[in-house]
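**Student:**
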Amino acid sequence: MPKIHVHAATSAAKTGKDYMAVHDWLDTDPDKKAERHDVAKVHDNGKLIEAQYGAEGRREFIRHIVDDITMTGISEADIGILRREGVTEDDIAHCVKVAEKAAELAVRTGAALDMELVVRGALFHDLGKAKTHAMEHGKIGAEMGAVLGLPKSITDVMEKHIRGGLTELEAIELGLPVKDYTLNLLEERIIIYADRLVDIITEDVVDIGPDEREAERRFEEILRAYPKYGKNEITLERYLGYHNEIQGLMA
Ligand SMILES: [Fe+2]
Ligand SMILES: [Fe+2]
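Per the numbering used here, residue 88 is the first one in the sequence shown, and the count goes up by one each step.
What follows is the structure, encoded as structure tokens:
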């Protein structure tokens, strides 16, 4: 099931308001959660919600339940796989945050996207960190993912996420297998953009304040100022390309 802030981000993208109170009512009380999600009670519960939050609130309430049914979201089973494979809790927290951010960005673009690929690709992108934090974690993660039976679309993201999609020349320079790492799918580019944003948001290198979207507003400036994020000219331009494309879709 999507996490609560993915629901809130969906509402915000569709209506301009996050309707957090409605999502909170649905998700937060563990004793009432099942009843409040009961499809047979949608009509009665919807009337309750409408009395408090209006017709739009009622639509967001229904959308939440439909999204739970149709979207994959971040599953506990997938988090269990990361844990079993030996990914540390810190790295798992990063993977979850990237999955949430990628889902939020995907919804905000308004594009028809494969949400399962967005969420699971993001969640598994750093699986290889179970073995190493070196550059090879992409390649190793993809190999581990293949053994686990993850779809190729997901292991592709894992392998290609290093520096946001390398050219053949960069692969040679870095001593990685020479192949085409181009991020052909918007889903892949959203995951890579989310990964970079989450690093900026969660690491203490830049103070972006309480509003996470500040990392988007200051993205170019931050990448140019901090080589940790921009790496080098070619990587920086690649990230800016994804940033401009995705921000353009969300505008
Ligand atoms: Fe990574
Ligand atoms: Fe990452």
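Think of the CB as a built atom: it goes at the ideal place given N, C-alpha and C, for glycine as much as any other residue. As the structure is a prediction and not an experimental result, all values here were calculated from the model.
With respect to the alpha helix (DSSP H) encompassing Gly317, which residues constitute its N-terminal and C-terminal limits?
**Tutor:** 314 to 317
**Student:** Thr242: buried (16+ other C-beta within 10 angstroms of its C-beta) or exposed?
**Tutor:** buried
**Student:** Is Thr269 helix, strand or coil when you go by DSSP?
**Tutor:** Judged by DSSP in its simplified three-state form, Thr269 adopts coil rather than helix or strand.
**Student:** Use the C-beta contact count for Gly144: other C-beta atoms within 10 angstroms, 16 or more gives buried, fewer gives exposed.
**Tutor:** buried
**Student:** What is the DSSP secondary structure of Ser33, counted as helix, strand or coil?
**Tutor:** What is shown of the chain runs 88 to 338, which leaves residue 33 out entirely.
**Student:** With a threshold of 7 Å (Cβ to nearest heavy atom), would Val183 be considered close to ligand 2?
**Tutor:** no
**Student:** Starting from Leu253, follow the alpha helix (DSSP H) in both directions and report where the run begins and ends.
**Tutor:** Element bounds for Leu253: n/a, residue is neither H nor E.
**Student:** Sorry if obvious, but does the Cβ on His212 come closer than 7 Å to a heavy atom of ligand 2?
**Tutor:** yes
**Student:** Count the CB pairs spanning the segment 309 to 329 and the segment 281 to 291 that are closer than 8 Å, and state whether there are at least three.
**Tutor:** Counting Cβ pairs under 8 Å, three or more are found: they touch.
**Student:** With 16 as the cutoff for other CB atoms within 10 Å, does Thr175 come out buried or exposed?
**Tutor:** exposed
**Student:** When you compare only the Cα positions, how much space is there between Ile136 and Ala95?
**Tutor:** Distance between the alpha carbons of Ile136 and Ala95 is about 16 Å.
**Student:** Using alpha carbons as the reference points, say which of Asp213, His130, Ala217, Leu273 lies closest to Glu246.
**Tutor:** Asp213
**Student:** Less than 8 Å between the CB atoms is what I'm expecting for Ile249 and Met231, so what's the real figure, rounded?
**Tutor:** The pair is not a contact, with the Cβ atoms about 15 Å apart (cut-off 8 Å).
**Student:** How long is the line joining the alpha carbons of Val109 and Gly262, rounded to whole angstroms?
**Tutor:** 51 Å
**Student:** Cα separation between Leu256 and Ala164?
**Tutor:** 38 Å
**Student:** Could you pull out every unbroken alpha helix (DSSP H) segment of at least 4 residues lying fully inside the segment 136 to 198, listed in chain order?
**Tutor:** 163 to 171, 176 to 196
**Student:** Going by the beta-carbon positions, is the gap between Ala209 and Val185 smaller than 8 Å?
**Tutor:** yes
**Student:** Have a look at Phe148 and Leu270 and give me their C-alpha separation to the nearest angstrom.
**Tutor:** 35 Å
**Student:** Rounding to the nearest angstrom, what Cα-Cα distance links Trp112 and Glu308 in this structure?
**Tutor:** 39 Å
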